[in-house]
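The block underneath contains the structure these notes are about, expressed in structure tokens.
Residue numbers (the UniProt record's numbering): 1 to 200.
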């Protein structure tokens, strides 16, 4: 095996090598970011990691995660990874369970507080509930994210599923989760926001 071949294998096995100066972003999300229903290598987080070197994504997303569950996991994640940024993509499972919006706001606020206290900046993803939950709850739910973005002065990233959900060919059979074909579109949707907010 030539030196060049050995080098390529080394980079594939240890992708973080050579990214010492990259901005690290902890992805704190649910199944939409956890590659639900597919191999992790097919998910948008892994795809974005392999397509650029400006930032390194650390995927701490868990399928079925609620804001309360993520809040309990967060201190250990911050201590282990010490990310420059935390991208918070949470709330969908709170909504599906009909949790009160003040509880959601309190949990997300504590996540933002803990991240900032640990020295990490925060990007907050907007999340929406399906229309069958009723306009009143949907409005209150959406307002949580706008209010937190304003109160904490953190970037509010539009919900990437608004580009995916209306297209059946990009959705899994459950009608909730994006499929493999949708992942590259999620990368294209989120990457400009990540570049705008995290890079000098």
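Ideal Cβ placement from N, Cα and C applies to all residues, glycine included.
Report the rounded CA-to-CA distance for residue i versus residue j, giving the unit in angstroms.
{"i": "residue 69", "j": "residue 169", "result": "31 Å"}
{"i": "residue 79", "j": "residue 159", "result": "28 Å"}
{"i": "residue 199", "j": "residue 23", "result": "7 Å"}
{"i": "residue 139", "j": "residue 105", "result": "14 Å"}
{"i": "residue 157", "j": "residue 125", "result": "5 Å"}
{"i": "residue 166", "j": "residue 49", "result": "26 Å"}
{"i": "residue 188", "j": "residue 51", "result": "11 Å"}
{"i": "residue 110", "j": "residue 71", "result": "7 Å"}
{"i": "residue 164", "j": "residue 54", "result": "26 Å"}
{"i": "residue 129", "j": "residue 118", "result": "30 Å"}
{"i": "residue 133", "j": "residue 93", "result": "13 Å"}
{"i": "residue 142", "j": "residue 127", "result": "7 Å"}
{"i": "residue 84", "j": "residue 182", "result": "27 Å"}
{"i": "residue 65", "j": "residue 74", "result": "12 Å"}
{"i": "residue 41", "j": "residue 61", "result": "14 Å"}
Quick one, are the C-beta atoms of residue i and residue j less than 8 Å apart?
{"i": "residue 67", "j": "residue 36", "result": "no"}
{"i": "residue 148", "j": "residue 112", "result": "yes"}
{"i": "residue 29", "j": "residue 90", "result": "yes"}
{"i": "residue 108", "j": "residue 144", "result": "yes"}
{"i": "residue 178", "j": "residue 186", "result": "yes"}
{"i": "residue 27", "j": "residue 194", "result": "no"}
{"i": "residue 184", "j": "residue 47", "result": "yes"}
{"i": "residue 161", "j": "residue 32", "result": "yes"}
Out of the options, state which residue places its alpha-carbon closest to the alpha-carbon of residue i.
{"i": "residue 45", "options": "165, 59, 54, 38", "result": "59"}
{"i": "residue 120", "options": "135, 88, 163, 40", "result": "88"}
{"i": "residue 136", "options": "39, 115, 174, 101", "result": "101"}
{"i": "residue 153", "options": "133, 161, 197", "result": "197"}
{"i": "residue 82", "options": "116, 65, 34", "result": "116"}
{"i": "residue 77", "options": "114, 174, 103", "result": "114"}
{"i": "residue 131", "options": "123, 98, 40", "result": "98"}
{"i": "residue 155", "options": "174, 38, 175, 190", "result": "190"}
Taking only runs that begin and end inside the UniProt domain "SGNH hydrolase-type esterase" (27-183), name each unbroken alpha helix (DSSP H) of 4 or more residues, in chain order. 44-51, 67-81, 92-96, 101-117, 135-152, 161-164
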